[in-house]
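Mapped onto our numbering, the consecutive letters of the sequence shown carry residue numbers 1035 to 1287. The beta carbon of each residue, even a glycine, is placed where N, CA and C say it ideally should be. None of these values were measured; they are calculated from a predicted model.
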Amino acid sequence: MSYENLAGRTAVITGAASGMGEATALLLARSGARVALLARRADRLQTLAAKIEADGGAALAVAVDITDPASVSAAAARVHEVFGPVDLVVNAAGVMLPNPIAAGREDEWVRMIDTNITGALRIIRAFVPDLLAAADAGRTADLVDISSIGAHVTFPDYAVYGATKAALTHLSSSLRTELGPRRVRVTNIEPGLTDTELGTHIDNPELSGQLDGMFTALEALSADDIADLIAYTTSRPARVNLRQVIVLPTQQA
1035 MSYENLAGRT
1045 AVITGAASGM
1055 GEATALLLAR
1065 SGARVALLAR
1075 RADRLQTLAA
1085 KIEADGGAAL
1095 AVAVDITDPA
1105 SVSAAAARVH
1115 EVFGPVDLVV
1125 NAAGVMLPNP
1135 IAAGREDEWV
1145 RMIDTNITGA
1155 LRIIRAFVPD
1165 LLAAADAGRT
1175 ADLVDISSIG
1185 AHVTFPDYAV
1195 YGATKAALTH
1205 LSSSLRTELG
1215 PRRVRVTNIE
1225 PGLTDTELGT
1235 HIDNPELSGQ
1245 LDGMFTALEA
1255 LSADDIADLI
1265 AYTTSRPARV
1275 NLRQVIVLPT
1285 QQA
């Protein structure tokens, strides 16, 4: 599908080094948007930016750690220096580190909370003024948060991950009451089983094996499927807010 009316927009995409973030950056760039690529892995971002530019797009690679407020502030300053204000923000960065709660893995709890919730909030704080200014000027403005089906479907040993995604889903709903009246759209996307590198971070062999079994049993979504949804939702007329999209593999639905 073509999304010509994304041309001329300026997007910030976190988690752009891989998975949904990378796929979204590629699709938005092909659709004519300028894309600021934010993630920790600078080498991956540089490779992606070079690919986008070789295809005729405009991209800016900005290495950032969204768990570090100073890093986010510096990244936002760099985006503004090169691209100016933005009108589309995609919070795609996230980590999934399941373990039984009795394991007491506070290191994983902190990492998930600081990335999936607080990190998203830092990006929102950095760029919501841009979105409000764009809407005030009569332009389309979008905030897209990538949550998970785990926000409202419980899975054993995924309690903290699910809690962070439930918080992000609720945050999106609450922000909609603040930003919607000012014509900034907030969309929350909740994917089910999706083929990205997210599962490779799991250090529990049993849970890792369970996830591998799901990928064997089901035809999972691809990162491109999620990117397509993001491009679709953000290319609707400004009066239309697809506020929440739950997207599952057909065999999981």
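Alpha carbons only, please: which of A1041, L1166, D1179 and G1243 is nearest the one belonging to T1048?
D1179
Give the straight-line distance between the Cα atoms of A1094 and A1083, rounded to the nearest whole angstrom.
Here residue 1094 is Leu; the residue named in the question, Ala, does not match the sequence. Answer to the nearest angstrom: the Cα atoms are 6 Å apart.
Please report the residue range of the alpha helix (DSSP H) in which D1170 lies.
A1154 to D1170
For L1232, which residues in the same chain have their Cβ closer than 6 Å to its Cβ, ignoring the five residues on either side in sequence?
M1130
With 16 as the cutoff for other CB atoms within 10 Å, does F1161 come out buried or exposed?
buried
Per-residue burial, T1044 [other beta carbons within 10 Å of its own, 16 or more giving buried]:
buried
Assess contact between the stretch 1222–1241 and the stretch 1092–1106, defined as three or more Cβ pairs (one per stretch) separated by less than 8 Å. Is contact present?
no
Using CA coordinates, which residue listed in I1100, L1061 and G1042 is at the minimum distance from R1075?
I1100
Whole angstroms are fine: how far does the CA of R1068 sit from the CA of T1234?
30 Å
E1224 - containing beta strand (DSSP E), residue span:
R1219 to P1225
State the start and end residues of the unbroken beta strand (DSSP E) segment that holds T1044.
T1044 to T1048
Would you grab the beta carbon distance between K1085 and N1150 for me? Rounded to a whole angstrom, and I think it's under 8 Å.
Not confirmed; about 27 Å, so no contact.
Outcome for D1176 when other beta-carbon atoms lying within 10 angstroms are tallied against a minimum of 16:
buried
Out of A1127, A1136, L1263 and P1163, state which residue places its alpha-carbon closest to the alpha-carbon of I1280.
L1263
If we require 3 or more residues per run, which beta strand (DSSP E) segments fall completely within the stretch 1070–1130?
1092–1097 and 1122–1125
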